[in-house]
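Residue numbers (our numbering): 26 to 307.
Even for Gly, the Cβ is constructed at its ideal location relative to N, Cα and C.
The structure appears right after this line, and notes come after that.
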Ligand code: PAF
């Protein structure tokens, strides 16, 4: 595994590679990232991971300053999984003030985008920069950030970028909590409570599979039960997988079969995200 921090050196090193598979990250790696790295190996002769905590995707008062930066430990974890770790300093990615941004479709202003204005614009801008720098044939992102993955798929399709996007399944702790670098912000009591988010989504999924079609009511009940347990809820939503539009059944319009249940809520100062897909059989 080779650590490269400079764009020109990375491009020179990648020049001779036939197929490159790329996993962009912000570091502080966990099993979810490592799973993507293993999947990447099936899609490229050369596997590249990037580690860059992107200031553009954090809003004022968010956790940019305290976001865990653990480059040495990350490189040790990637030793046998990546051929190259690209970990540029901020001045390499943004040598001058960034004034060109990616403009995303309106769904970027819903769900997480409604509570984190500008987050997806900053995310998509850095992802496009990284894709242009690495020029992979395949790039892999976790399904845990479902809306992010959806927007990246739109970016790649609508800007005709010549690569394939693969979504890796969410990796969970034994009790079901989706792995996230932010889980380490949780106190012991909060960590115990955190699994309720996933349990609540599983209950909603079961209700839908058993025939419940009043999604508004399901969402409302979920928000109420989270709030009653001390969570501060950003959203609980039943959406279509294909376009992330609300899955509300309208009279004479059938419900789409492939749905996703998404939730974001805070425990203390820690914001947790989770989602599960639901496929209706009839
Ligand atoms: O999911 C992340 O870690 C980040 O949003 C990404 C895709 C690496 C862009 O900074």
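- In its own chain, which residues sit with a C-beta less than 6 Å from the C-beta of residue 223, not counting the 5 before and 5 after it? Here residue 223 corresponds to residue number 198 of the chain shown, with the count starting at 1. Excluding sequence neighbours, residue 223 sits near 201 and 299.
- According to DSSP, is residue 27 helix, strand or coil? By 1-based counting over the chain shown, the position of residue 27 is 2. In this structure, residue 27 counts as strand in the three-state DSSP scheme.
- Message: Am I right that residue 226 and residue 288 are in contact with their C-beta atoms under 8 Å? What's the rounded C-beta distance?
- Response: Here residue 226 corresponds to residue number 201 of the chain shown, with the count starting at 1. Here residue 288 corresponds to residue number 263 of the chain shown, with the count starting at 1. Their Cβ separation, rounded to whole angstroms, is 6 Å, which keeps residue 226 and residue 288 in contact under 8 Å.
- Message: On the criterion of 16 or more Cβ atoms from any shown chain inside 10 Å, does residue 282 qualify as buried, or is it exposed?
- Response: Residue mapping note: residue 282 aligns to position 257 of the chain shown, counting from 1. Exposed, because fewer than 16 other Cβ atoms sit within 10 Å of the Cβ of residue 282.
- Query: Any idea which residues DSSP pairs residue 301 with across the strands?
  - Reply: Residue numbering aside, residue 301 sits at position 276 when the chain shown is read from its first letter. In the DSSP output, where bridge partners are listed per residue, residue 301 has 286.
- Say whether the region 178-187 touches the region 105-125, bearing in mind that this needs 3 or more beta-carbon pairs closer than 8 Å, one atom from each stretch. no
- Item | Identity of the residues DSSP links to residue 193 by a beta bridge | Translated into positions along the chain shown, residue 193 becomes position 168. Listed as beta-bridge partners of residue 193 by DSSP are 167.
- Is it the case that the Cβ atoms of residue 129 and residue 149 are separated by a distance below 8 Å? Position 104 of the chain shown, counting from 1, holds the residue named residue 129. Position 124 of the chain shown, counting from 1, holds the residue named residue 149. Their beta carbons are under 8 Å apart, which means residue 129 touches residue 149 by this criterion.
- Item | Beta-carbon proximity of residue 143 to residue 167, cut-off 8 Å | Position 118 of the chain shown holds residue 143. Position 142 of the chain shown holds residue 167. Not a contact, by the Cβ cut-off of 8 Å.
- Message: Could you tell me the alpha carbon to alpha carbon distance between residue 230 and residue 47, rounded to whole angstroms?
- Response: Indexing the chain shown from 1 puts residue 230 at position 205. Indexing the chain shown from 1 puts residue 47 at position 22. If you take the alpha carbons of residue 230 and residue 47, they lie about 32 Å apart.
- With distances taken Cα to Cα, identify the nearest neighbour of residue 54 among 30, 37 and 207. Along the chain shown, read from residue 1 onward, the residue named residue 54 stands at position 29. Residue 207 is the option with its Cα nearest to residue 54.
- Host beta strand (DSSP E) of residue 306 (start-end): Sequence index remark: in the chain shown, residue 306 carries index 281 (1-based). Where residue 306 is concerned, there is no enclosing beta strand (DSSP E), given that its DSSP letter is neither H nor E.
- Separation of residue 126 from residue 86, as counted between CA atoms: Locating residue 86 in the chain shown gives position 61, where the first residue counts as 1. Locating residue 126 in the chain shown gives position 101, where the first residue counts as 1. Their backbone Cα atoms lie some 21 Å apart in a straight line.
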